[in-house]
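Residue numbers (the numbering used here): 159 to 1265. Glycine included, C-beta positions come from ideal geometry on N, C-alpha and C. Just so we're clear, the structure is a prediction, and the values are computed from it rather than from any experiment.
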C-alpha cells in the first residue's frame, strides 16, 4: 500500500517535473527576495551597533552655554548610570590650506585617555605637539588633507584667535576615521558656507587659552549589551538623559552662584583698579601738560630771537645786495671804460699813424710845392723876359712900320711873327696863371692841411694825455673794486655764518617744535586714550554690572546619538530600505505565491482521475491530501532554503556596498534572523500548502465516480466582440478561436494577466528607479542650473578689482551676486536645514536658476510678499502654496514667511526670496557673499581658472558644477547596483512565471491540442494555436503591468528618497519599452522551450477517455 502510494507520488513528480521545478524556483525567488531585503536593515543596524561598540561610541554628548569645568565633569561621572565621561574641546573655525578656504571642525583630545569615540589611525601618527593635528579621511564630498599639509586658522573678521588657540599654523601628521562621522554628510556650522568642510583632531594643548571644555562624551552603563536601535536602548538612554539633565540643573545653580560671585569680585577689583589708574593717569597727564607749557614758552622765546636775527640779517642782506649791485655796476662800467680805453688807444694809434703818414705826405707835397714855386717863379721870370722882349719887338715893329711902312711884307711878317709870339706868350701866361692858381690852391691846401695836421696832432696829444689819465683812473677803479669785493666777500661770509647760525637755531626750534608737537600729540593721544579707556572701562564696568544683573543660569544640552547627522541619516536610510522591503519584495512575493497557488491548483485539477482511483482503492482523504502536500512542500521547503541561502547574503551585500558611497561602513555582518527567515519560508510554504489543501479539499469532496470522469469542458460563450459585426466579420478563424479561448477560461485569463502584469510592474519599477536616479544630475545641473561656476566671497576687499575684471571679461557670459547662508525651515510637521538664496537683482536671477513647478512647468517669479521652497523640502514639511513657514537664519534670527511657490529641485534644499523680503523679515540687510557665473572655460581650463580665482584674497572658495555633478553622478550611480539586482530578480521571476503558466496551459489543454492534431493541424499550426493565446495574454498582462508599475514606481521612489535628494518622478519611454520587451522576449523564449512539448503531444494517449 505504502509502496504504491510512494510510486504514485514519485510518478506525479516525474511526469510534471517542470512544474515541480517551477515551484522550487518561484519559492526560492520569492523567499530569497523577501527575506534578503527584510534582513538588510537589521544586518545594517547590527553591523553599525557592533561598530559603535568596538569604538566605544558615545551614548550621550553634553554641551553647555558656559562650558564644563572640573567640578562639572566630576558631577557627570558621579551621575547614576554613567559608565564613563570624556571631556574634550571642539570648535568650528575658518581655515586656509594651500589651495582652498573652508570651515574646519577642530577637536582637542587627550590621546592618553581617548576612551570614548576611539579614532582609527589609517596612516601617520598621533599628534605630539600643539601645532600638530590629525585629519579625517575624505569621502568625496568633504575635503581631506595629506600628511605634511599645513593649514592656517584664519577665523572670521573680528575673531580673537589667541583667546581660543595656542597655535594657528597646524601641520597634518596622520589620517584617521571617526565613528562619529560615518556619513558623508556633514553637520551644519555657523561659520563660512554653513557646512563643515574638513575635520581636524589636535591636542588639548591647542586649546590652552580656552580654559573650560566645550563638550563631554558619555557612555551609559549596560548600553553596550543592548542594540543601539532597540527600544530597550532608547529607554536606557532616556533614563540617563533625564538623570544628566537633573545633574545639569544642580550644577547650573552652583555654577551660576560661582560665576556671579566671581564676576562681582572681579567687578569690585576692576572698579578699584579703575579709580587708582585714573588718579595716576590724571596726575601723569597734568605733569606732562606743565612740561609742555614750559617747552612752549621756551620755543616762543627762541622763535622771537630768531625772528629778530632774521630781520637784521635781511637788512644786511639787502645792503650787501645793494653793494653787490653797485660793485657789479662798477665792474660793468670799468669793463666798458677799459673797452673804451682800448678802443681809444687803438684809435689814437691809428690817428698817430695817420698823422705821421699825413705829415710825411704833407712834407712831400711841401717839397714838391717848393719845387713848383721855384719853377713857377722861373717861368714868371721867363714870361716877364719874353714880355719885355715882345715889347721890344713891338717897339721895333713900330719902328719898322715907321720905317718900312705897314704894308711892307717884312712888317707884315714881323707882325705875324710878333702876333704868333704874342699868342704863344699869351698862352704861356694863361698856363702860367693856371699853374699859379693851382699852386696857390695847393699852397693854401697845404697850409690848411698843415693847420689841420697840427690841430689833429694837438688833439692826439690831448687824447694821449686823457688816455694816460683814464688808465690811471681804471687802475684806481680796479683797486677800489677789488677792495669792495673783499669787503663783500667778508660780508657774505658773515651773512652765511649768520644764516648757518640761524638755520641751526631754526633746526633746534623745529626739533623743539616737533618734540613739542610729538609730546603734545602723545599727550593728546594719551589723554584721548585715557579718556577713551576710562570711558570704555566705565562702560565695561556698567556693562558688567548689567551682565551680572542679567546673568542667566548655565544651560546644559543633553543629546543622544539620534541627534548626530550620521546616526540619524543612517537610521533614516535604513528605514527606507525597510520600507522598500515591505513593499517591493512583498509585491514580488505575492506574484510568486499567486503563481505557485495556480500551479498546485492546476496540478490537482489535472490529477482528478488519480485522486478518484486512490479514493476508490480506500485511501483516506488525509492520505490523498498528504501526497499533494508533500509534492508542494518539498520544492517549497528546498526552494525556501536555497532562497534564504542566497538572499540573506546577496541582497544585504548589494545594498550595503551601494550605501558605502554615502557612509564609511565596516565589513557587513550577516545574520540569520529566525523571525524573518523562518517567517518568509513559512509564509511561502504555507501559501503553497494552503492552496494545495484548498484545491484538494474541493476535489476530495467529490465521489470517486465523479472524480474518475473528466470535468466537463466549459461551455463556449459569445464574446462581446462578436456583437461588433464589422470587426468580427473581418477576423480569421484562428483569431476568432483565440479570442473565444481567452475569454472562455476567465480564471486562467486573470491569473496569467496578473502574473505577467506583476512581473512587468516589477521590471518597470526597477528601470524607473534608474531613470529617477539618473534624472537628479541631468535635471539639476543641466536643466535648472544655468550657471556653471560658484565663487564664495569673504569679508576682504583686496583684489575685488581683479575679480570684477574677470567677471566682465569675455571669459564669462554673465554673473550675478547673491546672499547665501545655511539655516532652518520650520513647517507644519518637521524642521529642514536648507540654503537661503537671496539674489541682489531678482529680475536677473532667472537667467542663472530656473524656478518652475515640476508638473506644470509653470515659471515661478520672486516677489516681495512670499518665498519659494524646493519641492522635496515642502513635501517633508507638509506645506503647500499659501501656507506659512518659519525661517531661522545663521545668526539665530527667526521670521515667518508665506510660501508663494514650490520649485522643482533635486539636490539639497533651498529657499529663494528677494532682498527686500529678507530685510523686512529678519531686520537686517543680506550680505552678498556668493557670485554665480556663466564661465566659458572648458574642462581643461577649469583648474587654471580655479587657481587664478583662489589667488584673489577676496575669494574663499571656487566650485564648478562639472565637479559637483561628477561627484553626485559617482555617488548616485552606485545605487544602480540595488536597481540592477531588482531588475535581475524581476526578470528571473518573469521567466519562471511565464514558463510555469505556459506549461500549465499546455498541460491542461493537451486533449484539446491532440484533437486539433487529429483534425489535421500540423505541428506549426498547433503551436500557433497556443502561442497566439500566450502572445495575446502576454500583451494584455504587459499593458496591465506597465499601468500598475507607474503607481508602484511612484511609491517606491517616494519611500526610497533621502532628505537631501529628490529622485526624478518620470519614467522614460525607453523604460516602458524595455520592460515590455523583456516580458515579451521571455514570453517568446518560453514558447521556444515549450515547442518540443507541443510537438510531443501523443494524439492517441491524449484522446483516451477517463471512462
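Residue i: first and last residue of the uninterrupted alpha helix (DSSP H) it sits in
i            : result
residue 848  : 832–858
residue 194  : 175–212
residue 321  : First-last for residue 321: undefined, no H or E at that position.
residue 1103 : 1097–1108
residue 815  : 779–817
residue 234  : 228–235
residue 1172 : 1164–1172
residue 266  : Here residue 266 belongs to no alpha helix (DSSP H); instead the beta strand (DSSP E) covers 259–267.
residue 825  : First-last for residue 825: undefined, no H or E at that position.
residue 961  : 958–965
residue 1072 : Premise fails: residue 1072 is in no alpha helix (DSSP H) and is neither H nor E.
Residue i: first and last residue of the uninterrupted beta strand (DSSP E) it sits in
i           : result
residue 279 : 278–282
residue 377 : 371–378
residue 973 : 970–984
Euclidean distance between Cα positions of residue i and residue j
i            : j            : result
residue 842  : residue 849  : 11 Å
residue 1055 : residue 1065 : 23 Å
residue 1267 : residue 667  : Absent from the model: residue 1267. The displayed extent of the chain is 159 to 1265, so no value can be given.
residue 862  : residue 175  : 26 Å
residue 820  : residue 1183 : 54 Å
residue 552  : residue 558  : 9 Å
residue 1265 : residue 1169 : Reliability of the predicted coordinates at residue 1265 is poor, the pLDDT of 49 falling under 50, and the value obtained from them is presented with this limitation in mind. If I take the Cα positions, the gap works out to 17 Å.
residue 469  : residue 644  : 24 Å
residue 404  : residue 373  : 17 Å
residue 539  : residue 519  : 29 Å
residue 1266 : residue 970  : The question about residue 1266 has no answer, for the chain in this structure spans 159 to 1265.
residue 303  : residue 333  : 8 Å
residue 933  : residue 947  : 21 Å
residue 420  : residue 716  : 26 Å
residue 1158 : residue 1224 : 37 Å
residue 687  : residue 232  : 45 Å
Beta-carbon contacts of residue i that lie in its chain and below 8 Å, excluding the five residues immediately before and after
i           : result
residue 320 : 367
residue 514 : none
Residue environment, residue i, which counts as buried when at least 16 other CB atoms sit within 10 Å
i            : result
residue 229  : exposed
residue 755  : buried
residue 536  : exposed
residue 256  : exposed
residue 727  : buried
residue 1245 : buried
residue 164  : exposed
residue 690  : exposed
residue 773  : buried
residue 856  : exposed
residue 512  : exposed
residue 647  : exposed
residue 651  : exposed
Integer Cβ distance of residue i from residue j, believed to fall under 8 Å
i            : j            : result
residue 798  : residue 198  : That belief does not hold up - the Cβ atoms of residue 798 and residue 198 are roughly 18 Å apart, past 8 Å.
residue 1151 : residue 854  : At roughly 23 Å, the Cβ-Cβ gap does not stay under 8 Å, so residue 1151 and residue 854 are not in contact.
residue 813  : residue 949  : The pair is not a contact, with the Cβ atoms about 39 Å apart (cut-off 8 Å).
residue 266  : residue 331  : About 15 Å; that fails the 8 Å criterion.
residue 1030 : residue 1067 : 6 Å
residue 253  : residue 262  : 4 Å
residue 207  : residue 387  : 7 Å
residue 1112 : residue 999  : Incorrect: roughly 20 Å between the Cβ atoms, too far for contact.
residue 919  : residue 1206 : 5 Å
residue 1008 : residue 951  : Wrong, their Cβ atoms sit about 24 Å apart, outside the cutoff.
Own chain partners of residue i with C-beta closer than 6 Å, once the 5 adjacent residues on each side are dropped
i            : result
residue 200  : 831
residue 1177 : 1253
residue 1147 : 187 and 917
Test: residue i CB closer than 8 Å to a CB of chain D
i           : result
residue 483 : Of the protein chains in this structure there is only one, and it is not chain D.
Cβ-based neighbour list, residue i, same chain, cut-off 7 Å, excluding 5 preceding and 5 following
i           : result
residue 159 : Residue placement at residue 159 cannot be trusted, given a pLDDT of 46 that sits under 50; the coordinates are not used to answer.
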